[in-house]
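Participant:
Residue numbers (the UniProt record's numbering), protein chains in the order written: chain A, 1 to 239; chain B, 1 to 239; chain C, 1 to 239; chain D, 1 to 239; chain E, 1 to 239; chain F, 1 to 239.
This is the structure:
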């Protein structure tokens, strides 16, 4: 086993969560998981979508995109093709659900925070970097609201949420797959969890051959270990 | 606890897999999970998409749709809105992956089978009914090929694949949620597995509050029990 | 002359109008003209489109779709292609006009009834089955309103409306063409009429060679005969 | 009864078919029916669509559009709205069918003639002016081919095809309705016929109240009278 | 040098600005620059777009289109392709900016004038003909408002605006390029100016080789000479 | 006059052209003009578009996009809106023309280089930063080809091309406007020129009031001064 950055099977890639990278956004974070770089910005809008209108609560939503040459081969620009693909829509729905799990939307008040996650460079694990960095951008945007449109004592952010991928490659569990590993993995799983290690989302997919309950258990162990590390990195970025 | 059809927490709804319901399709099955009715048709096309072209292998893909008034409230028709929504795309990608896990695509030869899953009436669990009934339609289409374009001894269908939903409602694990249960579930999970009980896809989502490893384990136990029953129903439909 | 179902030139195919087939819709009918099966649902919405807003009157509109494998060869899904084709739009405009001819829209009050006609299986004559079955779904939806949002004495449904196709095949007039006849017809005509035999819509098209006034007359005779039978089937379904 | 241009109930509006109005098109005609002005151009392309490819035959198709301010109120531009509406698609399908009824497509050889009918100014009857003028443009384009890509003795144009509207206004049959009459007509019918008076297409629609067989007969009489006049105008334009 | 219409290097093509060509539009002008014919209509709407709403001011906007066979080869219809191309959008933005430079939008009051410029026949310079004729249509629409919705003394039209193309062909400056010249020009420039010769828009593009400051100066001289002539033609059309 | 970065009227903002920022692209450059940051990547594809196919020559094209929160207020994502706006299309056409002016497309051989210019952060002048940085990315991509698919002696890059904005703000000429200046400028001009100071593209627009020939001259002087500085920065980045 020969992993990028010389790491062991259950190691994360070098992680960097650089906060406040945008001149304009209320909250922002450039999340780097090795060579995967995702720019996350959180924008506040004093409106809410119809399904929460009139309830007093707010909303958090996410959008996801990849720059055309963030990948090995250039991909067609979704704006030029005239629609977002299924993969894009699926990922941005996942990011939105994950980030809402961090929030008390009633405490946020009647406003929407949109977290844009744009992949500047891709090398596997873009959705987990987006969730992990998106949480930092979101928390910074909430902080910017506090003392202004939001009372100093409001606590709309209830808990940390972070995410990591895990898989089985050549029969062995590995944490935080890069692109080469991801392409050859037998099982690929994304785990979203709270800072306390409770599960928010588990998406495991067999690629080619089905997997056993024991595999699932070992992958979850690895993922929750990685998420504890990511939570610490989020705390450092927010300090 | 008061469940539809007077069933216990770990019971499926009444399941019916009615094969050969279409005059035109090479394979078809009307899958009924209680009041959820999904018409599955499998269509054979003697072409393959670019990414398998020239490899000798075939392909299986799926499309999913809901009739506008399959639901409590009428939904806008996707064809009229000019695009398929994110939920539709996400579900049809899941169905496609699940059905491919049943197949030896090389044994299928250079042809595509498209499994259309159209929801005639919805009451929760449309994607799991689609996978379970879609497998029957797919197997019938393959059978129609055997002895014609495919040799009698080719075995493109390697294994059964079926799916069921499971969730936590009012703190208790329940199998095969109907719409009312689904709307109030704390955790919602879809499990796709082979006839032997190996996992193909696990998608668990916390709705509002995160869940523990023990919850995940109990949900998987319940789901795999349901899938064993569904496999038997598939075998009966294919007999 | 050898017609499907062993019928004579001026016979309809076996017709079945099965009411109340949908758990959710206010009115519904599964219309079967031989192997052509169209699911019609009528949905009530307490809003009206801009062009009748403020007049006190209501509106009836229709949408039409075909399942991808309702036909001999699988057709591309319109939702996936991103738009409804010209044939679809033309048919749903026809269905809408035909059903409005049955109604007193002022007596309906300021609400819209949308009749969705989805072709489950196609074998010629889908638009005429849609109109004939759509009328039943519409009448049931109105009945559901009566005594609730509508007074018991309101009579928004003024008259029966039904439709049938007729054509010239091998020089002879034939009623209710199936797909094989339709593909080889020299003239193809759709007639919509009231229960009293007054004309609502006449659309006759020469396919390859032009037709004479006498041909038109004989086709109309045949069509009005068929419509009288269809009206009786509607009455039975509504009883 | 007070009709535009002081005409009697069964009179056409002043008709002008001005040939060769386009510098670029192989055939062209500016058709004026009173204040309705439609520019028809016929363009030859040495390719055929897939459904006739390899048969040796050619194809004739039509496209229809309205300039945004051809109408009383400005309409949104279809190119800006991103799609052609149902009415546009329905009309261009009708024009195409009508013009193909004039042709021997085998004699045309493997090429496509596209007839564009663009409404410069609208005052009712745009589709009938488009068919009548489109025939002239088509015949001129065929003539341009003869002696070049087509033999001098080929006869792809078999017969004249022209069209006119007719309706019942205030209980009386009237020929060639202008916009004001069309808006208040009880029945509205478009008739396409050959120069010999054989029917190509009959589309009659009740607007508000159903019509009797006798009404249909009287409308057809009037329409065929008008078409004889239009045929003479076509002959003059082609001389 | 051999130019169309036997003209000298710095001559315009024969220009005709025919006012009041539309029965329906508040203002209209058919602009002919040689064989380039653009129909310009100005439509008044008593609404304004969001960005000027509430300011008391009005708005002027433009749309541009080409008939499919206005060109040498037939172009695909933008409405059928489902979107306006980049060239179309760029041109209509230019026309809108140019016409707004003629106006006092506050004096217009809270209404929008939409100038549609539709190319009936193209032979180079469609955008400059559109601006020059669009100004006439706009001025006529304003005149129609005066004494009705606008006071007799309001002066929303502040100044003339006209446009012309100029280029370098075979090393020599030429005014008002036709299609053949445009295709072989080394530099192509469009100049929009006021009646007084002040610049509104200058867009010069090297086609293949870059140009010097002196070239720019000589092209501007030629263009401003042409615009003086066009202003006189506008005055004549508006008399 | 108080300009950002304490600069004088004819100074550029601090410019940084950081080459080789992308792990995947054949050429790349992060162009920073003050707070405007544009990521430029150049991707090589061994195919050419139809209009140069078979000529032996290659092609250079550009695409442009803005991240949703690159701006003061979040903009809707073009991929989600389903189309690229007119401004986007206009800018990417400009970038493509400008970069092609640097090239000998025949020497490039039958391949396409696509330069993607994505605005990470916007503060005025994104199109000029895109051209200036896009040139560096393009030149690096060509260098990567040399010695591999292209001979060592091929010289597809003929000359430097760079761009800068210039305008009149409060009556005074200013170079390289930032967003605040751009919003209040009376005239706004973008100039693209070669390293030798020959003009490639000049686009000047009056915003509200027309400008004189002398203004144009003074703006060109300022712009060409800035472009000389930008050329030096490009040379440094390519060293």
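Cβ coordinates follow ideal geometry from the N, Cα and C atoms, glycine included.
From the DSSP output, in three-state form, read off residue 24(C) for me.
Facilitator: Counting from one through the third chain, the residue named residue 24(C) turns up at place 24. Three-state result, residue 24(C): coil.
Participant: Across the segment 82-96 of chain D and the segment 112-131 of chain D, are there enough close Cβ pairs to call them in contact, namely three or more that are closer than 8 Å?
Facilitator: With a cut-off of 8 Å, the segment 112-131 of chain D and the segment 82-96 of chain D count as touching, because enough Cβ pairs lie within range.
Participant: Below 7 Å between beta carbons is the criterion; list the residues of the segment 199-218 of chain F that meet it against any residue of chain E, in chain order.
Facilitator: Residues 199, 200, 201, 202, 203, 204, 205, 206, 210, 211, 212, 213, 216.
Participant: Which one of 194(D), 207(D), 161(D), 163(D) has the shortest CA to CA distance from residue 182(D)?
Facilitator: Within the fourth chain, the letter at position 182 stands for residue 182(D). Minimum Cα distance to residue 182(D) is reached at 207(D).
Participant: When you check each C-beta in the segment 87-113 of chain B against every C-beta of chain A, which residues fall closer than 7 Å?
Facilitator: Against chain A - using a Cβ distance shorter than 7 Å - the residues of the segment 87-113 of chain B are 89, 90, 93, 97, 101.
Participant: Under a Cβ-count criterion, where at least 16 other Cβ atoms within 10 Å of its own Cβ denotes burial, should residue 14(E) be classed as buried or exposed?
Facilitator: The residue labelled residue 14(E) in the question sits at position 14 within the fifth chain. Per the 10 Å Cβ criterion, exposed.
Participant: With residue 12(F) and residue 237(F) assumed to form a contact (beta carbons below 8 Å), what rounded beta-carbon distance in angstroms separates them?
Facilitator: Within the sixth chain, residue 12(F) is the residue found at index 12, counting from 1. Within the sixth chain, residue 237(F) is the residue found at index 237, counting from 1. Actually they are not in contact, since the Cβ atoms of residue 12(F) and residue 237(F) sit about 15 Å apart, beyond 8 Å.
Participant: Step through the CB atoms of chain D and report whether any lies within less than 9 Å of the CB of residue 51(E).
Facilitator: Locating residue 51(E) in the fifth chain gives position 51, counting from the first residue. Output row for residue 51(E): interface = no.
Participant: For residue 80(E), which residues in chain D fall below 8 Å Cβ to Cβ?
Facilitator: Taking the fifth chain and counting its residues from 1, the one referred to as residue 80(E) is at position 80. Within 8 Å Cβ-Cβ: 63, 84.
Participant: Does residue 207(C) come out as helix, strand or coil in the three-state DSSP assignment?
Facilitator: Translated into positions along the third chain, residue 207(C) becomes position 207. Three-state DSSP puts residue 207(C) in coil, outside helix and strand.
Participant: Restricting to Cα atoms, I'd like to know which of 210(C), 122(C), 179(C), 185(C) is closest to residue 194(D).
Facilitator: Taking the fourth chain and counting its residues from 1, the one referred to as residue 194(D) is at position 194. Among 210(C), 122(C), 179(C), 185(C), the Cα nearest to that of residue 194(D) is on 210(C).
Participant: If you drop the 5 nearest sequence neighbours on each side, which residues of the same chain put their C-beta closer than 6 Å to that of residue 204(E)?
Facilitator: Looking up residue 204(E) in the fifth chain gives position 204. Closer than 6 Å at Cβ, skipping near neighbours: 189.
Participant: Residues of chain B with CB closer than 7 Å to the CB of residue 118(C), please, in chain order.
Facilitator: Here residue 118(C) is taken as the residue at index 118 of the third chain, counted from 1. Residues of chain B passing the Cβ test: 67.
Participant: Rounded C-beta distance between residue 187(B) and residue 175(B)? I'm assuming under 8 Å.
Facilitator: Sequence index remark: in the second chain, residue 187(B) carries index 187 (1-based). Sequence index remark: in the second chain, residue 175(B) carries index 175 (1-based). About 13 Å; that fails the 8 Å criterion.
Participant: Any beta carbon of chain A sitting closer than 9 Å to that of residue 122(B)?
Facilitator: On the second chain, position 122 is the one that residue 122(B) refers to. Judged by the 9 Å Cβ criterion, residue 122(B) is not in contact with chain A.
Participant: How big is the Cα-Cα spacing for residue 184(F) and residue 169(F)?
Facilitator: Within the sixth chain, residue 184(F) is the residue found at index 184, counting from 1. Within the sixth chain, residue 169(F) is the residue found at index 169, counting from 1. Looking at the two C-alpha atoms, the distance is approximately 7 Å.
Participant: Express the C-alpha separation of residue 179(F) and residue 156(E) in angstroms, rounding to a whole number.
Facilitator: Position 156 of the fifth chain holds residue 156(E). Position 179 of the sixth chain holds residue 179(F). About 30 Å.
Participant: For residue 242(E), is the classification buried or exposed, using 16 other Cβ atoms within 10 angstroms of its Cβ as the cut-off for buried?
Facilitator: This structure gives no information on residue 242(E), because the portion of chain E shown stretches from 1 to 239.
Participant: With residue 102(B) and residue 26(B) assumed to form a contact (beta carbons below 8 Å), what rounded beta-carbon distance in angstroms separates them?
Facilitator: Numbered from its first residue, the second chain carries residue 102(B) at position 102. Numbered from its first residue, the second chain carries residue 26(B) at position 26. That belief does not hold up - the Cβ atoms of residue 102(B) and residue 26(B) are roughly 16 Å apart, past 8 Å.
Participant: According to DSSP, is residue 167(A) helix, strand or coil?
Facilitator: Counting from one through the first chain, the residue named residue 167(A) turns up at place 167. It is a strand residue.
Participant: If contact means a Cβ-Cβ distance below 7 Å, which residues of the segment 17-32 of chain C contact chain B?
Facilitator: From the segment 17-32 of chain C, only 22, 23, 24, 25 have a Cβ closer than 7 Å to chain B.
Participant: Would you mind telling me which residues of chain C sit closer than 8 Å to residue 194(D), beta carbon to beta carbon, in chain order?
Facilitator: Along the fourth chain, read from residue 1 onward, the residue named residue 194(D) stands at position 194. What residue 194(D) touches in chain C: 210.
Participant: The segment 216-237 of chain C: which residues have C-beta closer than 7 Å to a C-beta of chain D, in chain order?
Facilitator: Listed by position, the residues of the segment 216-237 of chain C near chain D (Cβ gap below 7 Å) are 216, 220.
Participant: Inspect the CB distances between the segment 112-124 of chain D and the segment 109-125 of chain C and report whether three or more fall short of 8 Å.
Facilitator: Short answer: they don't touch.
Participant: Under DSSP, the alpha helix (DSSP H) around residue 116(C) begins and ends at which residues?
Facilitator: Along the third chain, read from residue 1 onward, the residue named residue 116(C) stands at position 116. Here residue 116(C) belongs to no alpha helix (DSSP H); instead the beta strand (DSSP E) covers 112-121.
Participant: So residue 239(D) and residue 24(E) are in contact, right, with Cβ under 8 Å, and what is the actual spacing, rounded?
Facilitator: Residue 239(D) sits at position 239 when you count from the first residue of the fourth chain. Residue 24(E) sits at position 24 when you count from the first residue of the fifth chain. Not a contact, Cβ separation roughly 33 Å.
Participant: Tell me where the alpha helix (DSSP H) around residue 86(C) begins and ends.
Facilitator: Along the third chain, one-based indexing puts residue 86(C) at 86. Segment 86-100, the alpha helix (DSSP H) holding residue 86(C).
Participant: Find the residues of chain A that neighbour residue 72(F), judging by a C-beta separation of less than 8 Å, and give them in chain order.
Facilitator: As a first step, residue 72(F) is located in the sixth chain; it is residue number 72 there, counting from the start. Neighbours of residue 72(F) on chain A, chain order: 24.
Participant: Is there a Cβ of chain E sitting closer than 9 Å to that of residue 75(F), yes or no?
Facilitator: Start at 1 with the first residue of the sixth chain, and residue 75(F) comes out as number 75. Judged by the 9 Å Cβ criterion, residue 75(F) is not in contact with chain E.
Participant: Taking residue 22(A) and residue 140(A) to be in contact with their CB atoms under 8 Å, please state how far apart those CB atoms are, rounded to whole angstroms.
Facilitator: As a first step, residue 22(A) must be located in the first chain, where it is residue number 22. As a first step, residue 140(A) must be located in the first chain, where it is residue number 140. That pair is no contact at about 10 Å.
Participant: Are the C-beta of residue 126(C) and some C-beta of chain B separated by less than 9 Å?
Facilitator: Taking the third chain and counting its residues from 1, one reaches residue 126(C) at position 126. With 9 Å as the cut-off, residue 126(C) does not count as an interface residue toward chain B.
Participant: Could you check where the beta strand (DSSP E) with residue 313(A) kicks off and where it finishes?
Facilitator: The structure shown does not extend to residue 313(A), since chain A is modelled only from 1 to 239, so the question has no answer here.
Participant: With residue 230(E) as the anchor, note down where its alpha helix (DSSP H) starts and where it stops.
Facilitator: By one-based count along the fifth chain, residue 230(E) stands at place 230. That run of the alpha helix (DSSP H) goes 213-238.
Participant: Can you give me the start and stop residues for the beta strand (DSSP E) that residue 36(D) sits inside?
Facilitator: As a working mapping, residue 36(D) is identified with position 36 in the fourth chain. Segment 36-45, the beta strand (DSSP E) holding residue 36(D).
Participant: Between the alpha carbons of residue 74(C) and residue 43(B), how many angstroms are there, rounded?
Facilitator: Here the question's residue 74(C) lines up with position 74 in the third chain. Here the question's residue 43(B) lines up with position 43 in the second chain. Cα to Cα, the separation comes out at about 7 Å.
Participant: Measure the beta-carbon distance from residue 161(D) to residue 200(D) and round it to whole angstroms, keeping in mind my assumption that it falls under 8 Å.
Facilitator: For this step, residue 161(D) is matched to residue 161 along the fourth chain. For this step, residue 200(D) is matched to residue 200 along the fourth chain. Right, their Cβ atoms sit about 6 Å apart.
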